[in-house]
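Visitor:
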Amino acid sequence: MLIQVENLIAACFDPSEVETHHDFDPRRHPLLGRNGPDLSDPKTDLDLCVDLMVEYQDADATIAEVLLDQRVMRGIGNVFRCELLWTCELHPWAKVSSLNRDECRELVSIAAEMLQSRHMSHDRTLAVYGRHGKECERCTGQVRVTHHGEANRVLYWCADCQIRHAGTSSSRYVTEHDTPPGVHPAEFIYLSELERARKSG
Ligand SMILES: [Zn+2]
11 MLIQVENLIA
21 ACFDPSEVET
31 HHDFDPRRHP
41 LLGRNGPDLS
51 DPKTDLDLCV
61 DLMVEYQDAD
71 ATIAEVLLDQ
81 RVMRGIGNVF
91 RCELLWTCEL
101 HPWAKVSSLN
111 RDECRELVSI
121 AAEMLQSRHM
131 SHDRTLAVYG
141 RHGKECERCT
151 GQVRVTHHGE
161 ANRVLYWCAD
171 CQIRHAGTSS
181 SRYVTEHDTP
191 PGVHPAEFIY
201 LSELERARKS
211 G
């Protein structure tokens, strides 16, 4: 693998792991904090993961953010995050501090079980991810896609049945940035950024 920047080429032979990041996001970078337990490993300590969630320092952090925080748990990617929140009927913007210990344990156990059983294999139909504008299979509401967090990741969810802890929604995120049905999320982000640049310029 080669990393090339101005005046410098760095070569790395046989890297055991390569990570790429679209945007700089300190929450996702394991070198900036201790790695949390890997939920895809059957020997992992789920209690430690529950402790890290219960003791999470940022009181305003949403559960959607914490699921991707590598210092709390590893193994959950963006697709899985959306599916997990839907499975647990959790509002994505619910504050992590609103979940009690039993609820954190339930979430972590379901995540570990799904990851370890390869429940999220390619042949499984996804409940929400990539399905914006389509009908939710649980409540017949409409699946939405919103952009969430520093890196503006897409977050698919059902506003009609993912209502657990909805009342504690962090004020940090609002849902006005939904991609309209029929528009590709990437196109929507691109056009929104263009619009913002035009307004500020
Ligand atoms: Zn639903």
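Numbering (this note's numbering), first residue to last: 11 to 211.
C-beta: ideal position from N, C-alpha, C; glycine also.
Output the distance between the C-alpha atoms of Ser210 and Arg84, rounded to the nearest integer angstrom.
Guide: The residue you call residue 210 lines up with position 200 of the sequence shown. The residue you call residue 84 lines up with position 74 of the sequence shown. Distance between the alpha carbons of Ser210 and Arg84 is about 37 Å.
Visitor: For Cys59, does the three-state DSSP call read helix, strand or coil?
Guide: What you label residue 59 is simply residue 49 of the sequence shown in a count that begins at 1. Cys59 falls in the helix class under three-state DSSP.
Visitor: Work out the CA separation of Arg44 and Gln80 for me, nearest whole Å.
Guide: Taking the first residue of the sequence shown as 1, we reach residue 80 at position 70. Taking the first residue of the sequence shown as 1, we reach residue 44 at position 34. Gln80 and Arg44: Cα-Cα distance of roughly 8 Å.
Visitor: Return helix, strand or coil for Lys209, following the three-state DSSP convention.
Guide: Reading the sequence shown from its first residue, position 199 is the one you call residue 209. Of the three classes helix, strand and coil, the one that applies to Lys209 here is helix, per DSSP.
Visitor: Would you check if the distance between the CB atom of Arg174 and the CB atom of Glu99 is smaller than 8 Å?
Guide: Translated into the one-based positions of the sequence shown, residue 174 becomes position 164. Translated into the one-based positions of the sequence shown, residue 99 becomes position 89. Taking 8 Å as the Cβ cut-off, Arg174 and Glu99 qualify as a contacting pair.
Visitor: Measuring CB to CB, does Cys168 end up less than 8 Å from Val138?
Guide: As a first step, residue 168 is located in the sequence shown; it is residue number 158 there, counting from the start. As a first step, residue 138 is located in the sequence shown; it is residue number 128 there, counting from the start. Closer than 8 Å, so yes.
Visitor: Flag this pair as touching only if the region 20–30 and the region 66–76 have three or more C-beta atom pairs under 8 Å; answer yes or no.
Guide: These segments do not touch.
Visitor: Could you name the residues whose beta carbon sits closer than 7 Å to any heavy atom belonging to ligand 1, keeping them in chain order?
Guide: Here the list is Cys146, Arg148, Cys149, Gly151, Cys168, Asp170, Cys171 and Gln172.
Visitor: Take Ser107 as the anchor and find which of Ala121, Ile73 and Val118 has the nearest alpha-carbon.
Guide: To locate residue 107, count along the sequence shown from 1; it is residue 97. For the residues Ala121, Ile73 and Val118, the minimum Cα distance to Ser107 belongs to Ile73.
Visitor: Return the CA-CA distance between Met142 and Ser202, expressed in angstroms with no decimal places.
Guide: The residue given as residue 142 occupies position 132 in the sequence shown. The residue given as residue 202 occupies position 192 in the sequence shown. Residue identity differs from the one stated: residue 142 is His in this sequence, not Met. Whole-angstrom Cα-Cα distance: 18 Å.
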